[in-house]
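Colleague: Line by line, the protein sequences are chains F and S.
Residues 6 to 229 (our numbering) make up the first sequence, in order.
Residues 853 to 978 (our numbering) make up the second sequence, in order.
Even glycine gets a Cβ: it sits at the ideal position worked out from N, Cα and C.
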Amino acid sequence: MTLTVPVLRDITEPNSLLAARLRAIFRQHNVLVLDVIASPGAGKTALLERTVAGLGRELRLRVIEGDPTTSIDAERIVAAGASAVQINTGAGCHLEAGMIQAALDQLDLADADVVIIENVGNLMCPTGWDLGEDCKVVVASLPEGDDKPLKYPMAFATAQAAVINKVDLEPYIPARAARLRQNALTINPDLAVFEVSCQTGAGLDAWFDWIRAQLGRKRVGQPV
Amino acid sequence: MHEMAVTQGLLNMALEHAAGRRITDVYLRVGRMSPVVPSSVELFFNHLSQGTLAEGARLHFEIMPVEMTCTDCGQQADLTEWADLAPPVIMGKALARGCACGSKRLRVTGGVAFGLVSLAVEEREE
Numbered sequence: 006m007t008l009t010v011p012v013l014r015d016i017t018e019p020n021s022l023l024a025a026r027l028r029a030i031f032r033q034h035n036v037l038v039l040d041v042i043a044s045p046g047a048g049k050t051a052l053l054e055r056t057v058a059g060l061g062r063e064l065r066l067r068v069i070e071g072d073p074t075t076s077i078d079a080e081r082i083v084a085a086g087a088s089a090v091q092i093n094t095g096a097g098c099h100l101e102a103g104m105i106q107a108a109l110d111q112l113d114l115a116d117a118d119v120v121i122i123e124n125v126g127n128l129m130c131p132t133g134w135d136l137g138e139d140c141k142v143v144v145a146s147l148p149e150g151d152d153k154p155l156k157y158p159m160a161f162a163t164a165q166a167a168v169i170n171k172v173d174l175e176p177y178i179p180a181r182a183a184r185l186r187q188n189a190l191t192i193n194p195d196l197a198v199f200e201v202s203c204q205t206g207a208g209l210d211a212w213f214d215w216i217r218a219q220l221g222r223k224r225v226g227q228p229v
Numbered sequence: 853m854h855e856m857a858v859t860q861g862l863l864n865m866a867l868e869h870a871a872g873r874r875i876t877d878v879y880l881r882v883g884r885m886s887p888v889v890p891s892s893v894e895l896f897f898n899h900l901s902q903g904t905l906a907e908g909a910r911l912h913f914e915i916m917p918v919e920m921t922c923t924d925c926g927q928q929a930d931l932t933e934w935a936d937l938a939p940p941v942i943m944g945k946a947l948a949r950g951c952a953c954g955s956k957r958l959r960v961t962g963g964v965a966f967g968l969v970s971l972a973v974e975e976r977e978e
């Protein structure tokens, strides 16, 4: 004879519970936490380098770098002038809340204004795991194609901001920044969209302003 | 790619709820937009469960459709006409059409989860 045992639990529940605890810790410290997701090569690390250079004197930025095996990205962040904690995921295709918790051992939140998490290069898996962040930021580079939001809608649907990178290459390729922006806004009309070039520095001021504004809202307890 | 770790989590959860009884069946709900592939979960489950009380258990997947809800009026979108299409295509079509109230703000509110619904376990011999 068999018995039925009701369970009704989500498999990612342990991750979600831990992420909720991390979110409470970040709130206690008034630290804004951004989770940056993109495909490999879109320019996540370049965006962080530019952000450290642009905001590093005014805000205490801390970076958590997710990468399969190397510490190349963390070294780039340190060279740009911020401290970085490296997480190597091995074969893992996304970061999980437990990895962020472990990284916090090496990161003093009392000495931080903004923590930026660079997720593993992947537009699918990272959307399924909450890290306790305030906002997900999706980076899409123009040479990848302007149809990315239609192919990977969850990356754009779950983000609060989209950074379109490498717009300086537009004259040389068929993809159009305006189409990428339109496709992103079709998936998520509430997205803040920034067209930038981390090579030339174009458009980054608006991105910096957005981070300042999000941090300001977090500090006064408004939703970010 | 992450199915092995996800499946280990599923196995741990199942064994915990079975509380020492042999598991014969595992009933799962997997959303069409959830980040797991059922066939891959099944493969890893058969491997990881060896030597545990879940060895040989059958997995049953109930596939859950994509659901979208208007964030302005709260009405759930009727997506049945597109049910057979790929989830990103369903999302694109639903967003292009918008809600009956005129809003274009639709959020995915279902079809993203991977849940353990229930287990069938062998009754303990008294």
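On the criterion of 16 or more Cβ atoms from any shown chain inside 10 Å, does ILE216(F) qualify as buried, or is it exposed?
Modeller: Burial call: buried.
Colleague: DSSP puts VAL221(F) in a beta bridge; with which residues?
Modeller: Per the sequence presented here, residue 221(F) reads as Gly, with Val not at that position. GLY221(F) is not bridged to any residue.
Colleague: Expressed to the nearest angstrom, what Euclidean distance is found between the alpha-carbon atoms of VAL68(F) and GLU123(F)?
Modeller: About 7 Å.
Colleague: Report the residue from ILE121(F), LEU155(F), ASP113(F) and GLN111(F) whose alpha carbon sits nearest the alpha carbon of MET129(F).
Modeller: Among ILE121(F), LEU155(F), ASP113(F) and GLN111(F), the Cα nearest to that of MET129(F) belongs to LEU155(F).
Colleague: Quick one: is GLU919(S) near chain F, going by C-beta distance under 8 Å?
Modeller: Judged by the 8 Å Cβ criterion, GLU919(S) is not in contact with chain F.
Colleague: Tell me, please, whether the CB atom of ARG14(F) is closer than 8 Å to any CB atom in chain S?
Modeller: It does; some Cβ of chain S falls within 8 Å.
Colleague: Taking 8 Å as the threshold (C-beta atoms), are CYS203(F) and ARG28(F) in contact?
Modeller: Not closer than 8 Å, so no.
Colleague: Taking Cβ-Cβ distances shorter than 7 Å, what residues in chain F pair up with LYS956(S)?
Modeller: Near LYS956(S) (Cβ distances below 7 Å), the residues of chain F are PRO194.
Colleague: Would a check of beta-carbon distances place VAL143(F) closer than 8 Å to chain S?
Modeller: Not closer than 8 Å to any Cβ of chain S, the Cβ of VAL143(F) fails to qualify, so no.
Colleague: Can you tell me the Cα-Cα spacing of LEU100(F) and MET6(F), whole angstroms?
Modeller: Near 42 Å, if we compare the C-alpha coordinates of MET6(F) and LEU100(F).
Colleague: At the 8 Å Cβ level, is PRO19(F) part of the contact set with chain S, yes or no?
Modeller: For PRO19(F), the answer is yes, since a Cβ of chain S falls inside 8 Å of its Cβ.
Colleague: In three-state DSSP terms, what is GLN928(S)?
Modeller: If DSSP states are grouped into helix, strand and coil, GLN928(S) belongs with the strands.
Colleague: What are the start and end residues of the alpha helix (DSSP H) that includes SER891(S)?
Modeller: Where SER891(S) is concerned, the enclosing alpha helix (DSSP H) stretches over 890-900.
Colleague: For MET887(S) versus GLY133(F), is the C-beta distance shorter than 8 Å?
Modeller: Reading off the sequence, residue 887(S) comes out as Pro, not Met. Cβ atoms of PRO887(S) and GLY133(F): closer than 8 Å.
Colleague: If you run the structure through DSSP and keep just helix, strand and coil, what is CYS922(S)?
Modeller: Of the three classes helix, strand and coil, the one that applies to CYS922(S) here is strand, per DSSP.
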